[in-house]
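*Asks:*
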Amino acid sequence: MKERSKEDSSPRTFPRGDTLASGLAVAALALVAGFISLPILSLVVWTISEDSWRAMVSPVARDALFLSMRTTAISMFIIVLIGTPAAYVLARMNFRGKRLVDALVDIPAVLPPSAAGIALLLAFGRFGLVGRYFDAFGVTISFTTAAVVMAEIFVAAHFYVRQASIGFARVRRDVEEAAMVDGAGRFSVFTRVTIPLAFPALVAGAVTAWARALGEFGGTVIFAGSFRGITQTIPLAIFAEFQGDIDAAVALSVLVLGFAFVVILAVRYLTARSTQYQE
Amino acid sequence: MSAIVLVGLTGCRHGSNNSGSGGGDKEQGGTLTILAASSLIDAFGELGKTFEKQNEGVEVKQSFESSSTLLTQIQQGASADVFASAAQEEMNTAVKDGLVAGKPEVFVKNCEIIMVPNDNPADITEFRDVADPGVKLALAQKDVPAADYAIEILGKANAQYGSDFKEDVLSNVVSREADVRASVNRVVVGDADATFGYKSDYTIDIRDRVKVISIPPDLNIIATYPIAALKDAEDPELAKKWVELVTSKEGQRVLKKLNFEPAA
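If you read the protein sequences in the order shown, they are chains A and B.
Start counting the first sequence at 1; every next residue gets the next number (my numbering).
Start counting the second sequence at 1001; every next residue gets the next number (my numbering).
#1: Check the DSSP bridge columns for B/Asn-1110 and list the partner residues they point to.
#2: With 8 Å set as the bound, which would you pick, yes or no: does the beta-carbon of A/Leu-20 sit closer than that to a beta-carbon of chain B?
#3: For the region 173-187 of chain A against the region 129-143 of chain A, are there 3 or more C-beta pairs whose distance is under 8 Å?
#4: What would DSSP say about B/Tyr-1202, mapped onto helix, strand or coil?
#5: Can you give me the C-alpha to C-alpha distance between A/Met-76 and A/Pro-85, rounded to a whole angstrom?
#6: Leaving out five residues on either side along the sequence, give the residues of the same chain with a beta carbon under 8 Å from the beta carbon of B/Val-1220.
#7: In this structure, how does DSSP classify A/Glu-216 when only helix, strand and coil are distinguished?
#8: Among A/Ala-201, A/Phe-159, A/Ile-153 and A/Val-171, which has the Cα closest to the Cα of A/Phe-217?
#9: Could you tell me which chain A residues have their CB closer than 9 Å to the CB of B/Thr-1203, listed as they occur along the chain?
#10: At the level of alpha carbons, what is the spacing between B/Gly-1024 and B/Gln-1088?
#11: Using the beta-carbon count (16 or more within 10 Å), is B/Lys-1241 buried or exposed?
#12: Rounded to whole angstroms, what is the Cα-Cα separation between A/Ile-238 and A/Ser-253?
#13: In or out: B/Asn-1185 buried (at least 16 other Cβ within 10 Å) or exposed?
#14: Can you name the residues of chain B whose CB is closer than 8 Å to the CB of A/Thr-233?
#15: Please work out which residues of its chain come closer than 6 Å, Cβ to Cβ, to B/Pro-1117, disregarding the five sequence neighbours upstream and downstream, and give them in chain order.
#16: Could you please give me the residues that DSSP links to B/Thr-1033 through a beta bridge?
#17: Please state whether the Cβ-Cβ distance between A/Gly-83 and A/Val-155 is less than 8 Å.
#18: Name the chain A residues that come within less than 9 Å of B/Val-1173, Cβ to Cβ?
#19: Cβ of A/Phe-223 versus every heavy atom of the ligand HEM: is any distance shorter than 7 Å?
#20: Is it the case that the region 244-261 of chain A contacts the region 85-95 of chain A, given that we only count it when at least three CB pairs across the two stretches are under 8 Å?
#21: Using a beta-carbon distance cut-off of less than 8 Å, what residues from the region 1139-1152 of chain B approach chain A?
#22: Between which residues of its own chain and B/Tyr-1161 is the CB-CB distance below 8 Å, once the five residues before and five after are set aside?
#23: Output needed for A/Gly-125: all residues of its chain with C-beta closer than 6 Å, excluding positions within five of it in sequence on either side, in chain order.
#24: Return the first residue and the last residue of the beta strand (DSSP E) that A/Phe-127 is part of.
#25: Compare the C-alpha of A/Arg-172 against each of A/Val-193, A/Tyr-160 and A/Phe-159 and name the closest.
Written out as structure tokens, the structure reads:
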């Protein structure tokens, strides 16, 4: 392969190499699919063979599931509400220090969540940089559900803001400007033209962010602590159960798997319908 | 936290004793893997260095977590040479499951204390104050020996302080932590008003940030720490040597220095 010149890379000239390459690619995909499905299958097999379904309806599991649903819903509401205009500014406006802000938005994506937890603790904990002033007013954040939501937003917001800003950047300015020429105000252009055009990107970003929030562990366990019904989300409950009752840990994992699956399917279905509607 | 300390320990090793195997007679090196209750982190850290000095070329690897987590890991087939538990229960289960070689030996004892931040925001001056409404109490999670002992203490205290005492204290719990050191750290950073820990958890590092409230002796428990070589030990000889070091005069001296009570 190496002697062949770079310019001459039309696929037709190397039929043999091509089949080999595509064969390898298919094998690679099979490897990826197998590597993902095997552990998932193992969870289900264990649950069936050990008959640990009961653990799914235990009070610990129920509290953890409800808490995860509640906190991720609140987190997503805040992320979308604040992240959408923020992403638009990042996509459309130029200002001093934009590069810095851009890089800052990416930090939580590369920062290990446990480091994020320590950082949040040092900022908002009782003796934290900001937390001490809250404490003076009788407001404590650590060990509350609010701390869970903060940890989730901290680690997940990036995924929505980044994808949304890429989506907004792809909306052509002349389309927006044409609407404005037709007499629409800036805000109504944003809500009626820009957002619908960027909608698939917004949904994709929201789903990724939600998944990240649902899986949040390190930040929550360090910043919010772990207490049933208050701060013990599903990932924390799995970790806690693993120390004692492995059947319950497996059952919780299957539960969150099912929950995530339902949400992803629902979003796929709804976005497919809404894009059809647009066209 | 344990991982960080572990890295620190192995990091220290390098400069000090890789002096080559010039004079080593029959020692051929190897690795000794120890799973120990998280309250042993300082004591075993120090003894690990002693062991490596005594056994040229041997590397001591240690993992510190709650005894219940370690038991789960051993049951799931973690390969290790020695298990040191902070309670008999975990060791008994390991023995029952046929995971232990020989008979476990009790090598040290411990008792519990209450720790509060230095500025003591909840104004806890004696043991019974932990039941006061509004105290933010951190506790290790269910099945962790330190938490089980705390529950045992509260049960005994009911007889003295009234039958609601235990319930009042437990309703103050704001977080259940992975192990005893994690719950102590909640007090060190000042987010929790109090926690139950072992006497030996009141280490030099935290003395300027934490105050001790003692638990009346008649209510306190005596935690007994058993140690044993594991059946799947890669190097049973080294495992035996470690148990010997821990129970030796030198081992007991280090443990005593770190606030543990002698076993005998």
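All C-beta atoms, glycine included, are put in the ideal place defined by N, C-alpha and C.
*Replies:* For this structure:
#1: B/Ala-1223
#2: no
#3: no
#4: coil
#5: 14 Å
#6: For the record, residue 1220 of chain B in the displayed sequence is Asn; it is not Val. Cβ within range, chain order: Cys-1111, Glu-1112 and Ile-1153.
#7: coil
#8: A/Ile-153
#9: The premise fails here: B/Thr-1203 is roughly 20 Å from chain A at the closest Cβ pair, so nothing lies under 9 Å.
#10: Bear in mind that a pLDDT of 37 at B/Gly-1024, under 50, signals an unreliable position, so the number given afterwards is only what the model happens to contain. Whole-angstrom Cα-Cα distance: 38 Å.
#11: buried
#12: 7 Å
#13: buried
#14: The contacting residues do not exist; A/Thr-233 stays about 13 Å from chain B at best.
#15: Val-1187 and Gly-1190
#16: B/Lys-1061
#17: no
#18: Phe-227
#19: Among the components modelled here there is no ligand, and therefore nothing to report on the ligand HEM.
#20: no
#21: Gln-1141, Lys-1142, Asp-1143 and Val-1144
#22: Arg-1128 and Ala-1131
#23: Gly-131 and Ser-142
#24: Careful: A/Phe-127 lies outside any beta strand (DSSP E) and carries neither H nor E.
#25: A/Val-193
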